[in-house]
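Visitor:
In my numbering, the protein residues as written are 1410 to 1590.
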């Protein structure tokens, strides 16, 4: 299977497929987050440590259109970082973003294990994002486009996502009214 993928898909295409993998994952989150909290909020809240309850309260109030604006903000940011990697071989930001995506998958897995329920994003995280990221790293490494040290050195570049995510959520709050039901 790996040999077939290696011969069938260019590395250039693999890099650009990041945007598709990201969006498929985030579609799951956009579609599932709001109804999931409506159904499970009362049962998960007692399981959540006190220090995280304000985060759960915030997340439970986010409406799908607000979350979609945050995702759109990230997507707009990902386009130039993907372009720089695919067309110019500038990988630090792209590798850092992918490192954060791998951590994001394990966050979803941890959440699901902790609350003993499938959480929004866990299926596409484990089924799409993680295999994509691992295959991306495999291709970049085996084609000598990057080395392991590049991956480790680039990981902190993913921290630039923090203000992007915060900005996206703030835009979502400002542009879409949050009406409590």
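Every residue gets a Cβ at the ideal spot worked out from N, C-alpha and C, and that includes glycine. As the structure is a computational prediction, the values presented were derived from the model and not from experiment.
DSSP state of residue 1527, grouped into three classes?
Guide: The answer is coil: DSSP assigns residue 1527 none of H, G, I, E or B.
Visitor: Measuring only the C-alpha atoms, how far is residue 1506 from residue 1463?
Guide: Whole-angstrom Cα-Cα distance: 26 Å.
Visitor: Quick check on the burial criterion: 16 or more other C-beta atoms within 10 angstroms. Buried or exposed for residue 1475?
Guide: Flag for residue 1475 reads buried.
Visitor: Less than 7 Å between the beta carbons of residue 1433 and residue 1528, yes or no?
Guide: Going by C-beta atoms, residue 1433 is not nearer than 7 Å to residue 1528.
Visitor: Keeping to the same chain, check which residues put their C-beta closer than 6 Å to that of residue 1560; ignore five residues upstream and five downstream.
Guide: So the list reads 1504, once near-sequence residues are dropped.
Visitor: Taking the continuous alpha helix (DSSP H) assigned at residue 1483, which residues delimit it?
Guide: It spans 1473 to 1497 - the alpha helix (DSSP H) in which residue 1483 sits, taken as one unbroken run.
Visitor: Say whether the region 1559 to 1577 touches the region 1448 to 1459, bearing in mind that this needs 3 or more beta-carbon pairs closer than 8 Å, one atom from each stretch.
Guide: No contact exists between the region 1559 to 1577 and the region 1448 to 1459.
Visitor: Taking just the CA atoms, how far does residue 1500 sit from residue 1540?
Guide: Each residue's alpha carbon lies about 19 Å from the other.
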